Every structure is written in structure tokens, then in C-alpha cells.
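Under the working numbering, think of the first position of the sequence shown as 1, with each following residue one higher. Please read the structure below before turning to the comments.
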Amino acid sequence: MPRVKDIAFRSGQIIEDFYTPAFDSAFTSTAQHLKKMGYSGVEIDPPWQWTEENGLPKVKNLFDDNPNYPSDAKLIEEIKAYKQAGLKVTLGPQLCCTQLNTENRSADWWNQYFAETTDFLVHFAKLAESSDVDSLHYAVGSWEAQHASRWRQVFQTIKQHFSGEVGQMVWNSGSTPGFIIPDENTITWGEVLDYFYIAIDTPISTKDEPTDDELKAGADTMLDGAKKLYDKYQKPVFVRTTYFKVKQTWRGNSFYNIASVPWYGSEEKELANSQYQFGSHDQARVVNAFWRSIAERSWVIGYAQFGYSHWENPLAPDLSVRGQPAEDLWRKWNAVVNQNR
1 MPRVKDIAFR SGQIIEDFYT PAFDSAFTST AQHLKKMGYS GVEIDPPWQW
51 TEENGLPKVK NLFDDNPNYP SDAKLIEEIK AYKQAGLKVT LGPQLCCTQL
101 NTENRSADWW NQYFAETTDF LVHFAKLAES SDVDSLHYAV GSWEAQHASR
151 WRQVFQTIKQ HFSGEVGQMV WNSGSTPGFI IPDENTITWG EVLDYFYIAI
201 DTPISTKDEP TDDELKAGAD TMLDGAKKLY DKYQKPVFVR TTYFKVKQTW
251 RGNSFYNIAS VPWYGSEEKE LANSQYQFGS HDQARVVNAF WRSIAERSWV
301 IGYAQFGYSH WENPLAPDLS VRGQPAEDLW RKWNAVVNQN R
């Protein structure tokens, strides 16, 4: 699968974006499993939180109240496990999941907001540089994108501390395939980035039983919407999907809410009493649709699914493809990619 600028295709998985001490013993085994499946990389999305002090925004690692990595050392421990297995590592630090009221804020408030955001990202840029991370990206919300000059400066500052690739995450917009947010007209600082990163959970079909070609057509429409970023800036795009192991998962965010699907650890009755049914084969069909679409689009340089777990949960309807039909299919696509390197 030749890519633009002869970039090697990046097939990976995005580790579940929280931490619990139970994961510690699974860092190495997860890394070895990923390597065995033929993946080339992995992504970790460490969360910190917004809070306020004296009426001004403040970023903190509130690990006592949130499932954060409790220290830089613990995050680096997991990074090293993947690097030692021969995998490339991407960091996607995130400010989650507390909300700030941004209405009618003063200039001082906004100055502090961007100072805190910059310090947060510089912290992870330095951590990434010291631990041999390969790339780093950050998500800019549509409401934040109006501050174009500030975001240009933020990403330029990251690059002063990190020698790897720096990207920006965007999302599909709502439940209509083909639209992104922020869009190519809102983002005016793309020239300072190395890549874009699109997070997708849009419906690629609303039918009960679409054909494989119909699913691919839906994926085509979504990716062609993201191509507008490439057309404007000539920067490649990495694709992330977020589709659960539930029947008709191709309906995406028009059908499920990420907070309502029972996760592993839930009682079986929660699934039985919900609107969802376990459907690992439907997840695999969606993954295959995106692979087929990506294969035809050389400006897409990588693909990963969000929510990869540190162990197999064979009957959980969560996001992880580990040990599921989707991973077996992914392994076969990895073989094709690796054969053509």
C-alpha cells in the first residue's frame, strides 16, 4: 500500500485511555501480543484535568479522583514496554473530562487558559522526547479554533521541545458522514503540523443489513471529507475509529452513546437489559470497510481503533478488538502491509 511521500503505513491500536494498577503486569504481554499481530505502533492517551484556582483555569493531574497515570515514571514504564517490543509509540495527551465555562471570559482568563495548555503539552513533549516517542498530537475543539494565532504558537512551542512528528486531532461532525470539526476552513495553522488525525464514530450505514460494499461506500464518504485537510495543507491523515462490539455498530453515534454501552466489568444483565446486542462480527465488518477504503487513499498513512485492552475480554461489547474477529482480520491486513514495506 504505497503512501504519499513514501511514508511507511502505520497500523496500530490505541490503548484504553485510563490507568489502573492492574495494568502493570500486562504492559509487556500486551506489547508482545501487538508485535505478534503485526502492528507497527501503539498510541497512549494520558489524561489530566482542568480545574480552577482563584477564578482562573488550571491544569492538574488529579489522579486521586480520576484513572490517570499517577506519575510520569509509570507512563514511561508503559512506553518503554512497547518500544522494547519494537513498536513505534504515539502520545495523545488529553484534558479530560472536566468542563470549563468559557462564556464571557476576560483576556486574563484566556491568557491563563493558553498558558496552562502550553505548559501541559510542553510537559508531555519533553516526556516524549526523553522516552523516544515517535509522534504526538493534541485535539483542538471547534470552539477553541477561533484562537488561530494562539494555536499556531502552541504547536510551534511543542516542536521546540519534541523532535518527533506533531499532529492535530479532529473529529467527524455529527452523524452525517463526510463532515469534520474543526474543518479545513477553521484550521488556519496547518502549515506548522506534520499530520492530521481524524477520530471517527459516524454512521457508515443506517441499514439493518448493509452489504460490505455499502459499508465501504460509507467509509469512503467519511474519508473523502477528511481529505479536505490534505488537499489544503498537503499533510497526511491518520485514521482512528471508535466502533463497539455490538450488532449494527456501523450505525455509529446515531445508534450508541459511548457512556451507555456496557463495558467489561459490567454485569451480564446490563447488556441483556440494554438496547445493544453483542456483535463482534459487525465490528469486524466495519474495520474491514475502513481498511478497504484506506487502501485506495494514499494520503491516509495509518489506521487504529480506540480502546485496545490490556487483556482479552471475549464477551464484553466494548471497543477493544483484542482477541476478536476484527483483530484476526487486522492481522491479515498487517501481513499485506508488512509484505509491501
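Ideal Cβ placement from N, Cα and C applies to all residues, glycine included. Owing to the predicted nature of the structure, the values given are computational and were not obtained by experimental measurement.
Non-local beta-carbon contacts of ASP132 in its own chain, meaning distances under 7 Å to residues more than five positions away in sequence, involve LYS83 in chain order. The segment 133-140 and the segment 78-95 touch, with three or more beta-carbon pairs separated by less than 8 Å. Distance check between TYR69 and each of ASP17, TRP109, ALA115 places ASP17 closest, using alpha-carbon atoms only. With a cut-off of 8 Å on Cβ pairs, the segment 246-266 is in contact with the segment 192-210, counting three or more such pairs.
Using a Cβ distance threshold of 9 Å, GLY12 and LYS88 count as a contacting pair. In this chain, the alpha helix (DSSP H) harbouring PRO325 covers 325-339. Only buried fits LYS235, as 16 or more other CB atoms lie within 10 angstroms of its CB.
One thing to note: PHE124 has its Cβ within 9 Å of the Cβ of PRO46.
Contact annotation, VAL321 with GLN277: C-beta distance approximately 18 Å; criterion of less than 8 Å not satisfied. Taking the C-beta atoms as reference points, TYR230 is found no nearer than 9 Å to VAL239.
Residue pairing of PRO57 in beta bridges, as defined by DSSP: GLU52. According to the DSSP assignment, LYS36 belongs to the alpha helix (DSSP H) that extends over 27-36. DSSP, reduced to helix, strand and coil, places GLY178 outside both helices and strands of the structure shown, so it counts as coil.
Rounded to whole angstroms, the Cβ separation of PRO314 and PHE244 is 15 Å, and the two are not in contact under 8 Å. Three or more Cβ pairs closer than 8 Å define a contact, and the segment 161-179 falls short of that threshold against the segment 99-108. Straight-line measurement puts the Cα of GLU312 at about 16 Å from the Cα of GLY279. Boundaries of the alpha helix (DSSP H) harbouring PHE290: 280-295, taken from the DSSP string.
In the three-state reduction of the DSSP assignment, ALA128 falls in the helix class. Minimum Cα-Cα distance from ILE14 among the listed residues MET37, LYS5, VAL42, ARG3 corresponds to VAL42.
Rounded to whole angstroms, the separation of the alpha carbons of HIS147 and ARG10 is 31 Å.
In the three-state DSSP reduction, PHE18 falls in the coil class, being neither helix nor strand.
Its chain contains LYS58, LYS60 as the residues whose beta carbon lies nearer than 6 Å to that of THR51, once the 5 sequence neighbours on both sides are disregarded; these appear in chain order.
DSSP, read as helix, strand or coil, puts SER309 in coil.
Per the coordinates, the alpha-carbon of THR117 lies some 16 Å from the alpha-carbon of LEU127.
Around the C-beta of LYS332, fewer than 16 other C-beta atoms lie within 10 Å, and the residue is accordingly described as exposed. Looking at the backbone, the Cα of ILE187 and that of PHE290 are separated by about 25 Å. Residue environment analysis places ALA81 among the buried positions, since at least 16 neighbouring C-beta atoms fall within 10 angstroms of its C-beta. Cβ-Cβ distances below 7 Å link LEU121 to PRO93, TYR138, VAL154, ILE158 in the same chain, with the five nearest sequence neighbours on each side left out; the list follows chain order.
Assigned with DSSP and collapsed to three states, VAL4 falls in helix. Contact annotation: SER298 and VAL4 have beta-carbon atoms nearer than 9 Å. Spanning the alpha carbons of SER25 and ASN334 requires a straight line of approximately 26 Å.
Proximity of the segment 323-331 to the segment 30-44 meets the contact definition, three or more beta-carbon pairs being nearer than 8 Å. Proximity to LEU56 across THR102, ALA304, MET222, VAL192 peaks at THR102, based on C-alpha coordinates.
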